[in-house]
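Numbering (the working numbering), first residue to last: 9 to 327. Here a beta-carbon is modelled for each residue, glycine too, at the ideal position from N, C-alpha and C. Keep in mind it's a predicted model, so treat the numbers as computed, not measured.
What follows is the structure, encoded as structure tokens:
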């Protein structure tokens, strides 16, 4: 009789192991169904496109002012421009071309892009940016795809997101390098899941007619592609493979909002409680997003509950 016990214990262990495997498989199935519901349930929005600077954190941080100061210093020390005209020129080029850097390139000034960004962003007071758990929780609770769309370079983006504690809240980043790859075709791939910069070969490079050679590459004399040009928005839409009619764009710039609307996006001006031309919504702070745009979350709980309920029934049957 004593020899009967081991087989019984073994069968019980096997049964527990099988049940554990079934539970794991079922949870994977639940999450797959949840993802399918989010993407295919006909929700009003399926992608959220975020500017970064002065949008994910307040303009009062002083980062923008410090950046402008560094740009002026670069123009003086590296481009040897007249000190009496540099501050005014810096602002005028920003207004005319979207960024001062783009304006300098358009005027024929030659300098290395990486060196410029390293000088301008490398000395910013990033320590003023603190982790934002409230915004982090808001972003993680949103069922839609979330992508950064900024004129800044990837090193600056990495610094800011890390300081804010948001580095794992976005599927991908569309930044300076994405739209202006040196001697390479414009990037266009599906958004990765590792919060990486979006790059790669574009399937239809001829669609980027501005600043491209016949082969789809930027030549050295091409203008920089950046917001607020509508072409930059159109490029971002194709790179991220999004439907503008089901995408919300968040930005603190009135010009960027107008261009985003022209490109077919739903738009939200951040840092203002007053609507501006082209804006569908206005947020005094990005933290007010849930009160102003509850439709981002509408129906999500009910749909996921139905998925879990149906899968729970399957668990009983399979167990």
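Is residue 265 closer than 8 Å to residue 287 when the C-beta atoms are compared?
-> yes
Please list, in chain order, all residues of the same chain as residue 123 whose beta carbon is under 6 Å from its beta carbon, the five residues on each side excluded.
-> So no residue of the chain qualifies.
Is it true that the CB of residue 142 sits closer than 8 Å to the CB of residue 156?
-> 8 Å or more divides the Cβ of residue 156 from the Cβ of residue 142.
Starting from residue 129 and walking both ways along the alpha helix (DSSP H), at which residues does that stretch end?
-> First-last of the alpha helix (DSSP H) with residue 129: 121 to 129.
Environment of residue 267 [buried if 16+ CB atoms lie within 10 Å] | buried
Going by CA-CA distance only, name the one from 151, 88 and 108 that's closest to residue 52.
-> Nearest of 151, 88 and 108 to residue 52, Cα basis: 151.
Compare the Cα-Cα distances from residue 232 to each of 175, 102 and 170 and report the closest residue.
-> 102
Using the Cα positions of residue 147 and residue 63, report the straight-line distance between them to the nearest angstrom.
-> The alpha-carbon atoms of residue 147 and residue 63 are separated by roughly 13 Å.
Per DSSP, residue 259 forms a beta bridge with which residues?
-> Beta-bridge pairing links residue 259 to 277.
Beta-carbon proximity list for residue 182, same chain, < 7 Å, skipping 5 on both sides = 155, 156, 157, 206, 244, 247 and 248
Could you name the residues that DSSP lists as bridge partners for residue 154?
-> 56
Distance cut-off 7 Å: residue 234 Cβ against heavy atoms of the ligand MN | No copy of the ligand MN appears in this structure; indeed no ligand is present at all.
Identity of the residues DSSP links to residue 290 by a beta bridge | 277
From residue 297 to residue 256, what does the alpha carbon distance come to, in whole angstroms?
-> Going by the C-alpha atoms only, they are around 12 Å apart.
Residue 77 versus residue 107: straight-line alpha-carbon distance, rounded = 14 Å
Let me know if residue 176 comes out buried or exposed under the rule of 16 or more other beta-carbons within 10 Å of its beta-carbon.
-> Around the beta carbon of residue 176, fewer than 16 other beta carbons lie within 10 angstroms, which makes this residue exposed.
Residue range of the beta strand (DSSP E) that residue 182 falls in?
-> Going by DSSP, residue 182 is part of the beta strand (DSSP E) stretching over 180 to 182.
Measure the CB-CB distance between residue 127 and residue 82 and report whether it falls below 8 Å.
-> yes
So what's residue 159 in DSSP terms, helix, strand or just coil?
-> coil
Mind pulling the alpha helix (DSSP H) runs of 4 or more residues that sit fully within the stretch 79 to 119?
-> 94 to 105 and 108 to 114
Leaving out five residues before and five after residue 140 in sequence, what residues of the same chain have Cβ atoms less than 6 Å from its Cβ?
-> 172
Cβ atoms of residue 179 and residue 153: under 8 Å apart, would you say?
-> With contacts defined as CB atoms closer than 8 Å, residue 153 and residue 179 qualify as a contacting pair.
Flag this pair as yes or no: are the beta carbons of residue 273 and residue 57 separated by less than 8 Å?
-> Annotated as proximal: residue 273 and residue 57, with beta-carbon spacing under 8 Å.
Residue closest to residue 270, alpha-carbon to alpha-carbon, out of 59, 96 and 253 | 253
Count the other CB atoms, across all protein chains shown, that sit within 10 Å of the CB of residue 185; report buried if there are 16 or more and exposed otherwise.
-> The residue in question, residue 185, is buried, as its Cβ has 16 or more Cβ neighbours within 10 Å.
For residue 242, which residues from the same chain have a beta carbon less than 7 Å from its beta carbon, with the 5 sequence-adjacent residues on both sides left out?
-> Correct list, in chain order: 271.
Apart from the five residues just before and just after residue 67, which ones in its own chain have a Cβ nearer than 8 Å to its Cβ?
-> 260 and 279
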